[in-house]
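Encoded as structure tokens, the structure appears first; notes follow it.
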Amino acid sequence: MSPMDAVRPVTLDKTIRCLRPRGLVVLYGNTSGLIESISPMALGNAGSLFFTRPRLANHMRNAAEAGARMNDLLGCIGSGRLRRALAEVLPLERAADAHRLIQSRAMIGRVLLSVR
């Protein structure tokens, strides 16, 4: 399995080091900030790695295709083939607690705030 890195640049070096030769790194986010570049030599020295940064806009040509993909996604959720990772729902008044949970990285899944 290829490591998927949404945090970057904080975790990128660790992500690269965990791969086997000719492995694939998929970068899909940047929650800790943007990075300007990655050295091709770093990928070569780590075992001739492949590196990709997919963007949603490059995978859907128009609104009709985006709608079809959304229907597929909702169908998978509705049928139970795909489950949402929801870790916690907290009232808006506990926004600070929600922020602490996210920062702690102690759970897997989304932390939502409820306004009701």
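Here the sequence shown is numbered in this note's numbering, starting from 1407 and rising by one per residue.
Note that the Cβ used here is the ideal one computed from N, Cα and C, for glycine as well.
- Ranking 1517, 1449, 1488 by CA distance to the CA of residue 1497 puts 1517 first.
- Here the stretch 1478-1485 does not lie against the stretch 1444-1463, with fewer than 3 beta-carbon pairs under 8 Å apart.
- Taking a C-beta distance under 9 Å as the contact criterion, residue 1455 and residue 1431 qualify as a contact pair.
- The Cβ neighbour count for residue 1429, taken over all protein chains shown within 10 Å, is at least 16; the residue is labelled buried.
- The C-beta of residue 1469 has fewer than 16 other C-beta atoms within 10 Å across all chains shown, which makes the residue exposed.
- Within the same chain, and ignoring the five residues on either side of residue 1446 in sequence, no residue has its Cβ closer than 6 Å to its Cβ.
- Positions of the alpha helix (DSSP H) runs, each at least 4 residues long and wholly inside the stretch 1457-1513, are given as 1469-1485, 1501-1510 in order along the chain.
- For the pair residue 1513 and residue 1507, the Cα-to-Cα distance works out to about 7 Å.
- Residue nearest to residue 1522 within the set 1487, 1471, 1495 is 1495 (criterion: CA-CA distance).
- Linking residue 1503 to residue 1451 through their CA atoms gives a straight-line distance of about 42 Å.
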